[in-house]
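Chemist: Chains as they are written, first to last, in my numbering: chain A, 422 to 721; chain B, 80 to 439; chain C, 11 to 349. Cβ coordinates follow ideal geometry from the N, Cα and C atoms, glycine included. Quantities reported herein were computed from a predicted structural model and do not represent experimental measurements.
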Amino acid sequence: MRADTLRRALVGFYILLFFAYLFGPLVVMGITAFNTPAYPQAWPFEGFTLDWFGKLAGDKDLMLGLRTSLWIGLLVVLVSVPVGLAGALVMTQLQARARSFYYLIVVSPVLTPGVIIGISTVVFWRQATQLTGLRFFYDGTLMTVLAQSSFISAYTMLIFLARLARFDRTLEEAALDLGASRWQVFRDVMLPFMAPSIGSAAVVAFLSSFENYNTTTFSILADKTLTTVLAGRVRQGTTPALSALAVTIIAVTVAGALLYEVAKRREEAKAARRERNALRAESQDMAALPGASDTATQAI
Amino acid sequence: MTSALVLDRVSVRFGGFTAVEDASLDIAQGEFFSFLGPSGCGKTTLLRAISGFVQPSEGRVLFEGRDMRGTGPNERPTALIFQNLALFPMMSVAENIAYGLRVRGMGKRERLARAEALLELIALPGQGNKRIDELSGGQKQRVAIARALAVEPKILLLDEPLSALDLKLRQHMRTELRAIQRRVGITFIYITHDQGEALTMSDRIAVMSRGVIQQISDGETLYHQPRTAFVAGFVGENNALPGAVLDRDGDLARVQTELGPLPGRNSRQLAPGSEAVLFLRPEALSLVEPGAGRLAGTVTGRAFEGATTHLTLRCGGGRALLLSLSGAAARQAPEPGQEAWLDYDPEAAILLPREGYGDA
Amino acid sequence: MHSSTGQWVILAVPVLMVLALATLSWRERRALGPDAPPGFIARNGWPVASFLILAVVLWTVFMIVLPLLSMIDLSFRPRLPPAQWGNARDIYTLDHYRFFLFGSNTSTDSWNVTHLKAFGLTILVSILVTALDFCICYPVAFYMAKVARPARLRLMMLMLIAPYWVNELLRAFAFRLLFSNQGLINRVLMSLGLTDQPVDFIAGDVALYSGLAYAYLLMMMFALYNAIETLDRNLIEAARDLGAPWWHIHAFIVIPHAKPGIGSGATLVFMLTAGSLAAPLILAGPRSLWFTPIVYDRFYQAFNWQQGAAYALILLVACIIFVLGVLKLFRLGLGEIAK
């Protein structure tokens with residue numbers, strides 16, 4: 422029993438240590454965002470200030486990069502959500518070896534280092550645009566959208582595949598049997614069924630795009646995104662404005678996560694209420710059955 | 080009466096596997112027709128061939144004389160009720176019912192009015208705004224029927240729709256389904272492995288085994304005049320005694336069984352020497368005085384079941400016989416361990432070819 | 011061989027690939043028997059079928075296969091100005107690979123020590139970081155999967171994901187704030203009187219390695235958690251009842267069961283670490299060695315794209331060898347890795 426308590430204490434201590442490792446660096450960085458010294462310093466704490474957030478907002482390059490990043494994120498969502506959905510639907514219609522072969526191709530971007538995806542994309546499009554004379558197409562933002570979408574589509578595809586595993590194909594047949602065309606089946610049955618995962622795939626795609634650096638730095642060419650500007654800033658020198666940026670990102674994502682949690686709870690409450698209704702209807706049905714009262718009297 | 084549906088020598092093959100072989104039948108307008116058989120007998124494949132999800136390898140499916148080859152499920156005058164009902168979880172009850180009308184381009188107000196009318200038919204008035212997961216099993220069942228009826232099909236196809244319900248509700252739904260069919264007056268084609276459902280609801284039943292239709296007739300004929308050993312064994316309880324035909328005597332013939340030579344009705348005109356099975360219904364057997372009768376054995380079990388009492392006997396060669404008694408005979412039934420002598424009316428016993436025996 | 015031959019190969023490969031997939035899928039569908047679904051177009055209808063084909067071809071051909079093939083192609087081409095592309099001098103060559111090994115396009119006298127060392131170190135450190143991440147994550151993953159109650163599990167999940175909402179660059183930046191000369195650790199050490207000179211953690215690569223271990227921890231954690239979660243708790247109870255010591259249970263029950271998860275986590279962490287660019291840029295000292303910054307410099311400092319492509323291909327091949335090695339070692343299929 423003593424050994425058990427000791428082991429439990431050790432495990433608890435280890436987990437505490439683990440989360441300290443996880444959060445420690447971020448907490449330290451967070452503190453520097455509010456400390457006055459120009460070199461980011463967590464301790465000693467010399468005075469509270471919000472100036473660094475102001476400096477951040479005034480950083481023209483960074484704000485321009487932010488705008489490009491938001492644009493790229495939006496375009497990546499527009500490409501990788503439909504592509505990932507198509508990829509997943511095709512996957513479910515293949516069998517055995519055809520499926521393995523296809524899987525190998527579409528999952529390879531997930532297992533390829535990001536830098537290589539960036540490199541191969543620019544190399545290909547430089548070549549292709551040289552050969553075809555479509556020079557205007559060789560553009561940093563466009564390259565980045567294509568490069569990022571190649572692996573982000575694989576992420577979204579995996580999300581869609583997880584959802585599709587629970588799809589009941591008789592729903593499609595039911596719609597077809599009621600007279601729907603193939604297109605109506607897709608629009609009225611498949612898309613509404615996929616709607617929740619389309620939402621989460623869009624969020625994942627946007628976030629993956631927004632924070633991507635490895636691929637972007639190769640494919641962005643002359644343009645600038647938030648991450649490439651940030652990389653330059655961090656290498657040049659350290660300023661608490663960068664800590665302020667981190668704090669802002671954390672604040673925005675925490676707010677987003679909270680909203681998501683609230684929405685999820687509300688949806689769960691609704692589902693629970695519907696289930697209660699179903700149970701009530703079930704027992705009413707049973708009571709209304711002819712012979713139900715007979716069995717009741719027999720039981721007495 | 081005109082035919083609603085004709086199957087003309089329909090076979091469905093997948094690679095080397097034959098799911099349905101040479102099925103021919105003719106279903107009348109307004110008929111309640113059932114396909115009965117164990118799982119894997121091909122009844123679901125046949126249903127899918129009728130609804131258009133499967134193309135027959137040979138033969139024709141005709142609706143009111145029109146060949147359906149090349150016509151997809153969305154263009155056939157049938158509506159199918161799926162085993163799992165396949166209600167659309169992302170739509171409300173009313174939207175589910177009105178879906179078939181929506182894809183036909185009917186306006187919103189009109190189709191919702193139709194949905195409301197159908198909700199009244201299935202005794203769920205005013206519940207159109209509910210979600211599917213708010214309904215009980217029986218309510219879902221009725222919504223599925225309403226959704227199929229909304230498109231005014233000529234034929235309603237039902238694929239074991241009651242199998243998900245519990246026993247009491249299932250029995251209640253039998254009467255309700257039959258009542259709905261009478262009210263709307265269209266042809267129902269019903270698929271089931273449950274003979275109780277088939278016998279209580281149907282005008283006619285097709286019994287299937289191994290992809291082949293064994294017999295098509297009303298329930299009483301199936302029970303009393305089975306055409307094949309499979310039907311005799313599958314529909315209702317039966318004592319089966321395999322043997323070879325000894326000799327014929329008009330409509331009757333004698334079979335050499337483990338329990339000696341026994342007579343039965345030779346409805347298939349089997350020649351002496353051919354392999355046959357003699358079927359004896361439990362209620363066709365009666366107790367007789369000791370030493371009399373064609374059969375004898377030791378009582379091994381006695382089960383009181385209200386209106387009837389079941390006796391099990393062990394006869395020569397270890398073969399068990401089931402006997403069902405009612406009224407006075409039941410009250411005088413022997414106890415387990417006692418000897419009993421049995422007899423039957425040869426007209427009530429039936430002799431069928433051995434082929435297909437033991438498939439059920 | 012002249013480079014124009016390569017162009018035809020590059021164009022032929024995707025066509026052959028699509029044809030092979032279509033044929034294979036057609037034959038396998040027919041072999042299915044009773045449950046064979048209708049054909050692709052019959053099943054989806056023209057509008058949806060064309061959307062599916064268009065999207066998947068765009069993705070697999072133009073975003074995955076063709077870029078990779080052109081990178082391979084470019085890595086074997088001589089360095090020529092664009093005007094001379096495709097002319098008589100554009101003949102396939104091993105120059106860039108020779109440069110990687112010997113530091114020169116022509117001579118083979120001396121080894122290219124800087125690049126080889128950086129490459130070797132990158133692979134070695136990535137393997138070590140992968141192993142380290144496994145050791146760090148295993149106890150926590152086991153705790154979450156088999157010990158923690160639902161409410162606590164939910165909280166821990168949230169706490170695990172939260173740090174990874176922060177950009178990779180900023181995470182590295184946070185480590186720099188800890189480990190730099192004026193960073194928190196040095197300040198604490200100095201104020202405690204343990205040292206009077208700041209310790210140069212950056213030059214000693216301490217900052218880099220701990221930053222790398224931190225960077226992709228989450229991948230290992232979730233892979234392990236998902237694998238251990240599927241283990242039947244009764245198996246552990248039964249072993250405990252039989253008197254198995256705790257280490258025995260882990261070594262012979264939990265870890266063998268979690269093998270696919272370990273393989274999947276290891277592959278992802280290795281690939282991400284070996285290919286990481288942010289942490290080395292921010293946390294490496296002037297003399298630190300890492301391969302990806304060298305690749306970057308081939309492109310955007312030396313503007314020698316052909317050589318850069320060759321270096322990228324070398325890195326990719328190393329990653330593929332590692333993945334295949336893990337698959338072999340753990341006897342897994344690719345499908346089990348990318349979950």
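Give me the residue from C:Leu165, C:Leu334 and C:Ile20 with the minimum Cα distance to Phe280 (chain C).
Modeler: Phe280 (chain C) has its Cα closest to that of C:Leu334, out of C:Leu165, C:Leu334 and C:Ile20.
Chemist: Can you check whether the C-beta of Thr277 (chain C) is within less than 8 Å of a C-beta belonging to chain A?
Modeler: Interface residue, yes.
Chemist: Give me the subset of the segment 292 to 319 of chain C whose CB atoms are less than 9 Å from a CB atom of chain A, sorted by chain position.
Modeler: Those would be Ile292, Thr302, Val305, Tyr306, Phe309, Tyr310, Trp315, Gly318 and Ala319, in chain order.
Chemist: Fully enclosed by the segment 297 to 354 of chain B, which beta strand (DSSP E) runs are 3 residues long or longer?
Modeler: Counting whole runs of 3 or more residues, the segment 297 to 354 of chain B contains the beta strand (DSSP E) stretches 318 to 328, 331 to 336 and 339 to 344.
Chemist: Is the beta carbon of Phe184 (chain C) sitting closer than 8 Å to the one on Met450 (chain A)?
Modeler: Phe is not the amino acid found at residue 184 (chain C); the sequence shown has Ala there. Contact flag set, yes.
Chemist: Helix, strand or coil: how does DSSP classify Ala633 (chain A) here?
Modeler: Residue 633 (chain A) is actually Asn in this sequence, not Ala. Looking at Asn633 (chain A) - three-state DSSP - the assignment turns out to be coil, as it is neither helix nor strand.
Chemist: Please list the terminal residues of the continuous beta strand (DSSP E) segment that includes Gly49 (chain C).
Modeler: Gly49 (chain C) -> no beta strand (DSSP E), and no H or E assigned at all.
Chemist: Assuming contact is defined by CB atoms lying nearer than 8 Å, are Val502 (chain A) and Ala623 (chain A) in contact in what I supplied?
Modeler: It is a contact, given that the beta carbons lie within the stated cut-off.
Chemist: Which of the three DSSP states, helix, strand or coil, is assigned to His272 (chain B)?
Modeler: In this structure, His272 (chain B) counts as coil in the three-state DSSP scheme.
Chemist: Report, in whole angstroms, the separation of the C-beta atoms of Pro432 (chain B) and Leu349 (chain B), which I expect to be a contact under 8 Å.
Modeler: With a Cβ gap of about 6 Å, Pro432 (chain B) and Leu349 (chain B) count as contacting.
Chemist: Between the alpha carbons of Ala708 (chain A) and Leu197 (chain B), how many angstroms are there, rounded?
Modeler: Their Cα atoms are separated by approximately 24 Å.
Chemist: Measure the Cβ-Cβ separation of Thr132 (chain C) and Phe309 (chain C) and say whether it is below 8 Å.
Modeler: In this structure, Phe309 (chain C) does not lie closer than 8 Å to Thr132 (chain C) by Cβ.
Chemist: Please list, in chain order, the residues of the segment 162 to 175 of chain B that have any C-beta partner in chain A closer than 9 Å.
Modeler: Going along the segment 162 to 175 of chain B in chain order, one finds Gln162, Asn163, Leu164, Ala165, Leu166, Phe167, Pro168, Met169 and Met170 with a Cβ nearer than 9 Å to chain A.
Chemist: Under the rule that 16 or more other beta-carbon atoms within 10 Å means buried, what is Trp723 (chain A), buried or exposed?
Modeler: In the structure displayed, chain A extends from 422 to 721; residue 723 (chain A) sits before or after that span and is not available.
Chemist: Using the C-alpha atoms, what's the distance from Leu710 (chain A) back to Thr718 (chain A)?
Modeler: Unreliable placement is indicated for Thr718 (chain A), whose pLDDT of 35 sits below 50; the coordinate value is still reported in the next sentence. The straight-line gap from Cα to Cα measures roughly 14 Å.
Chemist: Please return the same chain residues whose Cβ sits closer than 8 Å to the Cβ of Ala596 (chain A), not counting the five positions on each side in sequence.
Modeler: Cβ within range, chain order: Gln605, Val606, Asp609 and Val610.
Chemist: Which runs of the alpha helix (DSSP H), 4 residues or longer, sit entirely within the segment 480 to 527 of chain A?
Modeler: Runs found: 481 to 513.
Chemist: Quick check: the segment 267 to 279 of chain C against the segment 234 to 249 of chain C, are there 3 or more CB pairs under 8 Å?
Modeler: Touching, per the Cβ criterion.
Chemist: Could you please give me the residues that DSSP links to Phe161 (chain B) through a beta bridge?
Modeler: Answer is B:Leu164, bridged to Phe161 (chain B).
Chemist: Cβ atoms of Ala375 (chain B) and Gly322 (chain B): under 8 Å apart, would you say?
Modeler: Not a contact, by the Cβ cut-off of 8 Å.
Chemist: Are any of the Cβ atoms in chain A nearer than 8 Å to that of Leu431 (chain B)?
Modeler: No, because no Cβ of chain A sits closer than 8 Å to the Cβ of Leu431 (chain B).
Chemist: Alpha carbon to alpha carbon, how far is Leu612 (chain A) from Glu239 (chain B)? Give it in angstroms, no decimals.
Modeler: Each residue's Cα considered, the two are about 28 Å apart.
Chemist: What residue does the alpha helix (DSSP H) around Thr132 (chain C) start on, and which one ends it?
Modeler: It spans Val123 to Phe152 - the alpha helix (DSSP H) in which Thr132 (chain C) sits, taken as one unbroken run.
Chemist: By a C-beta neighbour count over all protein chains shown, 10 Å radius and 16 as the cutoff for buried, is Ala616 (chain A) buried or exposed?
Modeler: Exposed, since its Cβ has fewer than 16 Cβ neighbours within 10 Å.
Chemist: Can you tell me whether Phe232 (chain C) is buried or exposed? The criterion is at least 16 other CB atoms within 10 Å of its CB, across all chains shown.
Modeler: It is buried - the Cβ of Phe232 (chain C) has at least 16 other Cβ atoms within 10 Å.
Chemist: Tell me whether the beta-carbon of Ile540 (chain A) lies closer than 8 Å to the beta-carbon of Ser630 (chain A).
Modeler: No, the pair does not count as a contact, with Cβ atoms beyond the cut-off.
Chemist: Mind checking Val157 (chain C): buried by the 16 CB within 10 Å criterion, or exposed?
Modeler: Per the 10 Å Cβ criterion, exposed.
Chemist: Would you call the segment 356 to 366 of chain B in contact with the segment 46 to 63 of chain C, where contact means no fewer than 3 C-beta pairs closer than 8 Å?
Modeler: Flag = no, the segment 356 to 366 of chain B and the segment 46 to 63 of chain C do not touch.
Chemist: Quick one: measure Cβ to Cβ for Gly193 (chain C) and Leu187 (chain C), integer angstroms, because I've assumed they're closer than 8 Å.
Modeler: So it is a contact: roughly 6 Å between Cβ atoms.
Chemist: Measuring only between beta-carbons, confirm whether Trp722 (chain A) sits less than 8 Å from chain C.
Modeler: Here chain A covers residues 422 to 721 and nothing more, so residue 722 (chain A) does not appear.
Chemist: Which bits of chain A does Ser215 (chain B) rub up against, with CB to CB less than 7 Å?
Modeler: Near Ser215 (chain B) (Cβ distances below 7 Å), the residues of chain A are Ala699, Ala702, Glu703 and Asp706.
Chemist: Quick test of your reading: Ser136 (chain B) and Ser90 (chain B), contact by CB under 8 Å. State the CB separation rounded to the nearest angstrom.
Modeler: The pair is a contact, with the Cβ atoms about 5 Å apart (cut-off 8 Å).
Chemist: By DSSP, does Pro361 (chain B) sit in helix, in strand, or in coil?
Modeler: Here Pro361 (chain B) sits in helix by DSSP.
Chemist: Can you list, in chain order, the residues of its chain with a C-beta nearer than 8 Å to that of Arg398 (chain B)? Leave out the 5 residues immediately preceding and following it.
Modeler: Once the five neighbours on either side are set aside, the close Cβ partners of Arg398 (chain B) are Leu320, Glu337 and Leu338.
Chemist: By the three-class DSSP mapping on this structure, what secondary structure does Leu431 (chain A) have?
Modeler: Note: Leu431 (chain A) maps to helix in three-state DSSP.
Chemist: Hey, would you say Asp422 (chain B) sits closer than 8 Å to Val334 (chain B), going by beta carbons?
Modeler: It is not a contact, given that the beta carbons lie outside the stated cut-off.
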